[in-house]
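**Student:** Line by line, the protein sequences give chains C and B. If you number the first sequence the way my numbering does, the last residue is 240 and the count never jumps. If you number the second sequence the way my numbering does, the last residue is 480 and the count never jumps. Dropping a structure here in structure tokens format, bear with me for questions.
Protein chains: 2
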Amino acid sequence: MQNLSKTINNNMGKTNCSCEKCQLKSLFFSHVDASEMSNICDIKVEKQYSKGEIITTEGEPIREFIYMKEGLVKLSKTGTDGKDQIISFSKPFDFVSLLSVFSSKTYKYSVTAIEDTTVCILDLDVVKNHAQENALFAMDLMARISEATDKILLDNLAIKRKHLKGRIAHVLLYFSDYIYKNDEFELPISRREIAEYIGMTTENVIRTLSEFRKDKIIKIFGKDILISDKKRLQNISDFG
Amino acid sequence: MQNLSKTINNNMGKTNCSCEKCQLKSLFFSHVDASEMSNICDIKVEKQYSKGEIITTEGEPIREFIYMKEGLVKLSKTGTDGKDQIISFSKPFDFVSLLSVFSSKTYKYSVTAIEDTTVCILDLDVVKNHAQENALFAMDLMARISEATDKILLDNLAIKRKHLKGRIAHVLLYFSDYIYKNDEFELPISRREIAEYIGMTTENVIRTLSEFRKDKIIKIFGKDILISDKKRLQNISDFG
DNA sequence: ATTATACGCTGTTAATTATCATAACGCGCT
DNA sequence: AGCGCGTTATGATAATTAACAGCGTATAAT
């Protein structure tokens with residue numbers, strides 16, 4: 001898989017990606033004119049990451065502006081004790097490189113693919129130069145960053161208000177309603193990662209999932225989850 | 241006090257504020273030229289809030305771009321159950337209006353003065369227009385928003401990692417080291433507000449402060465706190 | 001002076017969560 | 001197949017935190 005992405009990298013990513021047709025073009029580049037756009041398009045590199053591969057590493061210098069075309073990633077940070085905390089999950093429209101690209105020299109968080117993920121990579125200096133010359137583009141970026149950040153903060157606050165069961169319910173509904181839009185889905189993360197996300201222990205995540213199963217709220221087949229009593233789960237999320 | 245701020249409001253805030261000398265000018269407006277600046281200066285209104293006064297209210301439409309000149313505020317959000325959560329505290333250089341000014345029509349959080357606070361208020365549309373025409377200004381704003389957000393996220397993550405005692409120690413050190421730069425200070429918030437900030441109950445905040453007092457780590461006189469054993473407090477914050 | 005009210009403080013009990021221990025299971029590897 | 005390893009699973013116990021109840025104090029309003 002590493003080979004695959006390297007191959008695409010060497011091809012300059014031209015194989016699968018046409019900027020003109022890109023869904024995301026309107027999000028980031030609606031105020032960028034055709035000649036500028038072709039300039040951006042020439043330097044962009046499309047890159048694929050398999051589930052589990054690290055996209056950016058905490059502490060590394062930020063050289064690139066990255067946006068997601070496809071897939072699912074986690075943002076995480078390693079504490080001084082070596083334990084990870086997951087800050088959020090992002091799918092394409094939510095993710096604007098890293099939040100700190102315009103204020104920090106190094107990545108404050110790591111980004112890891114939790115499903116096969118395709119990103120487009122632009123040289124950060126080029127993007128910055130464009131932003132400095134095109135205020136509407138800069139404003140678009142600002143709005144995107146703002147939205148992404150707000151979403152993370154609101155989600156964190158919502159989780160903080162809840163107890164163990166409510167937090168687990170919240171996560172299940174997050175994947176069911178927001179990510180997969182289906183009552184049945186395959187969890188893209190381990191129980192430990194759920195724990196890192198909601199700030200509880202792995203054992204309690206496992207235990208609580210088992211309880212939900214015993215209470216016939218969900219069915220579990222390894223990582224496959226089926227939500228059989230959504231109302232109850234919603235209720236636990238809202239009031240637990 | 242309400243009268244005082246009204247008076248200043250009616251004076252168009254010209255009484256005490258000269259934009260040319262303003263410390264914050266370089267932060268937000270370093271890339272705004274003299275004529276633009278005088279334009280901005282003409283429409284700005286300086287406003288004072290006494291401790292406890294609400295500056296912006298969650299849910300209200302965002303019409304203004306606000307930045308702090310002086311003071312201390314809290315950002316908070318009310319949950320569906322009516323309970324408040326405090327997201328962060330901000331002093332002048334940290335605070336860039338509300339994070340969502342460029343992505344949302346309404347305030348997602350409330351801002352309340354927890355010390356007497358002076359802010360400068362600009363019409364949001366005017367600021368947006370300036371940003372749309374001056375990309376460097378837009379970039380400056382973006383960097384500010386990014387920094388402010390990162391600080392909030394990192395602080396929240398640090399708190400999340402800790403237990404009750406570590407969280408209390410964290411808060412005490414936050415005010416001592418970051419806000420007041422003094423081992424002795426007056427807490428600008430109540431025990432309940434500390435609880436709302438760290439996500440624990442008021443009783444436990446009070447109890448823990450008492451324990452710290454019994455352990456001779458701090459001295460307490462109502463809201464006055466004196467940190468007598470900073471090393472131990474730091475240790476509790478780092479490992480508790 | 002009296003009432004109301006918010007706040008700070010403490011003790012007790014109940015609930016929640018972490019920690020430790022153990023075991024089954026799946027999966028890649030040889 | 002058998003081994004090693006990480007994940008999932010469950011139980012017992014300890015630690016932590018919440019919830020409830022009570023009480024004193026300061027402050028402001030009547």
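Idealized CB from N, CA, C, for every residue including glycine. Note that this is a predicted model, so its numbers are computed, not measured.
Any beta carbon from chain B within less than 9 Å of residue 161(C)'s own beta carbon?
**Tutor:** Chain B contact via Cβ: present.
**Student:** Identify whether residue 417(B) lies in helix, strand or coil by the three-state DSSP scheme.
**Tutor:** Note: residue 417(B) maps to helix in three-state DSSP.
**Student:** Could you work out which residue in 360(B), 326(B) and 296(B) is closest to residue 351(B) when comparing CA atoms only?
**Tutor:** Looking at the Cα atoms, 296(B) is the closest of the given residues.
**Student:** Does the structure place the stretch 64 to 72 of chain C close enough to the stretch 22 to 37 of chain C that three or more beta carbon pairs sit under 8 Å?
**Tutor:** The answer is yes - the stretch 64 to 72 of chain C touches the stretch 22 to 37 of chain C, with three or more Cβ pairs under 8 Å.
**Student:** What residues match up with residue 77(C) in a beta bridge as DSSP calls it?
**Tutor:** Per DSSP, 85(C).
**Student:** Taking just the CA atoms, how far does residue 121(C) sit from residue 44(C)?
**Tutor:** Looking at the two C-alpha atoms, the distance is approximately 6 Å.
**Student:** Can a CB atom of chain B be found closer than 9 Å to the CB of residue 195(C)?
**Tutor:** So, not an interface residue.
**Student:** Given that a residue counts as buried once 16 or more other Cβ atoms are within 10 Å of its Cβ, and exposed if not, what is residue 59(C)?
**Tutor:** Exposed.
**Student:** So what does residue 352(B) bridge to, in DSSP terms?
**Tutor:** Paired residue(s): 294(B) and 314(B).
**Student:** Could you spell out where the beta strand (DSSP E) holding residue 49(C) opens and where it closes?
**Tutor:** Here the beta strand (DSSP E) through residue 49(C) covers 45 to 49.
**Student:** Residue 305(B) bridges to which residues according to DSSP?
**Tutor:** Residue 305(B) is bridged to 362(B).
**Student:** Contact between the stretch 84 to 98 of chain C and the stretch 381 to 391 of chain B is defined here as three or more beta-carbon pairs at a separation below 8 Å; is this criterion met?
**Tutor:** Counting Cβ pairs under 8 Å, fewer than three are found: no touch.
**Student:** Under 8 Å, with one C-beta from each stretch per pair, do the stretch 423 to 439 of chain B and the stretch 466 to 477 of chain B reach the 3-pair mark?
**Tutor:** With a cut-off of 8 Å, the stretch 466 to 477 of chain B and the stretch 423 to 439 of chain B count as touching, because enough Cβ pairs lie within range.
**Student:** Are the CB atoms of residue 100(C) and residue 390(B) nearer to each other than 9 Å?
**Tutor:** Yes.
**Student:** On the criterion of 16 or more Cβ atoms from any shown chain inside 10 Å, does residue 88(C) qualify as buried, or is it exposed?
**Tutor:** The residue is buried, with at least 16 neighbouring Cβ atoms inside 10 Å.
**Student:** By how many angstroms is the C-alpha of residue 274(B) removed from the C-alpha of residue 255(B)?
**Tutor:** Residue placement at residue 255(B) is poorly supported in this model, since its pLDDT is 42, which falls under 50; the coordinates still yield a value, given next. The alpha-carbon atoms of residue 255(B) and residue 274(B) are separated by roughly 21 Å.
**Student:** Using a beta-carbon distance cut-off of less than 7 Å, what residues from the stretch 368 to 382 of chain B approach chain C?
**Tutor:** So the close ones are 371, 372, 373, 374, 375, 376, 378, 379, 381 and 382.
**Student:** Can you check DSSP and say which residues form a bridge with residue 288(C)?
**Tutor:** With chain C covering only 1 through 240, there is no way to say anything about residue 288(C).
**Student:** Considering Cα atoms alone, identify which of 85(C), 152(C) and 217(C) is closest to residue 243(C).
**Tutor:** Residue 243(C) cannot be examined here, being either before or after the span of chain C that is shown, 1 to 240.
**Student:** Following the continuous alpha helix (DSSP H) through residue 185(C), name the residue where it begins and the one where it ends.
**Tutor:** Premise fails: residue 185(C) lies in the beta strand (DSSP E), 184 to 186, not in any alpha helix (DSSP H).
**Student:** According to DSSP, is residue 264(B) part of a helix, a strand, or is it coil?
**Tutor:** Three-state DSSP puts residue 264(B) in coil, outside helix and strand.
**Student:** Give the list of continuous alpha helix (DSSP H) stretches no shorter than 4 residues that lie fully inside the stretch 182 to 230 of chain C.
**Tutor:** For the stretch 182 to 230 of chain C, whole alpha helix (DSSP H) runs of length 4 or above, ordered along the chain, are 191 to 198 and 202 to 214.
**Student:** Using a Cβ cut-off of 9 Å (strictly closer), state whether residue 317(B) contacts chain C.
**Tutor:** Residue 317(B) counts as touching chain C.
**Student:** For residue 336(B), list the residues DSSP reports as bridge partners.
**Tutor:** Its beta-bridge partners are 307(B).
**Student:** Just how far apart, CA to CA, sit residue 219(C) and residue 158(C)?
**Tutor:** Rounded to whole angstroms, residue 219(C) to residue 158(C) spans 25 Å at the Cα level.
**Student:** Does the beta carbon of residue 73(C) come closer than 9 Å to any beta carbon on chain B?
**Tutor:** No - not a single Cβ of chain B is within 9 Å of the one on residue 73(C).
**Student:** Measuring alpha carbon to alpha carbon, tell me which of 400(B), 470(B), 294(B) and 314(B) ends up nearest residue 198(C).
**Tutor:** The option with the nearest alpha carbon to residue 198(C) is 400(B).
**Student:** Can you list, in chain order, the residues of the stretch 326 to 347 of chain B whose Cβ is nearer than 8 Å to any Cβ on chain C?
**Tutor:** Cβ contacts with chain C: 327, 339, 340, 341, 342, 343 and 344.
**Student:** Give me the chain C residues within the contact set of residue 386(B), using Cβ-Cβ distance strictly less than 8 Å, ordered along the chain.
**Tutor:** The answer, in chain order, is 99, 100, 101, 102, 103, 104 and 145.
**Student:** With H, G and I counted as helix, E and B as strand and the rest as coil, what does DSSP make of residue 477(B)?
**Tutor:** Residue state, collapsed to three classes: helix.
**Student:** Report buried or exposed for residue 418(B), applying the criterion of at least 16 other Cβ atoms within 10 angstroms of its Cβ.
**Tutor:** Exposed is the call here.
**Student:** Keeping to the same chain, check which residues put their C-beta closer than 7 Å to that of residue 242(B); ignore five residues upstream and five downstream.
**Tutor:** The predicted position of residue 242(B) is uncertain, since its pLDDT is 36 and thus under 50; a value taken from the coordinates is nonetheless stated next. The answer is none, since no qualifying residue turns up.
**Student:** Under 9 Å between the Cβ atoms of residue 372(B) and residue 148(C)?
**Tutor:** Taking 9 Å as the Cβ cut-off, residue 372(B) and residue 148(C) do not qualify as a contacting pair.
**Student:** Would you mind working out which of 414(B), 408(B), 279(B) and 321(B) sits nearest residue 449(B), comparing C-alpha positions?
**Tutor:** Residue 449(B) has its Cα closest to that of 408(B), out of 414(B), 408(B), 279(B) and 321(B).
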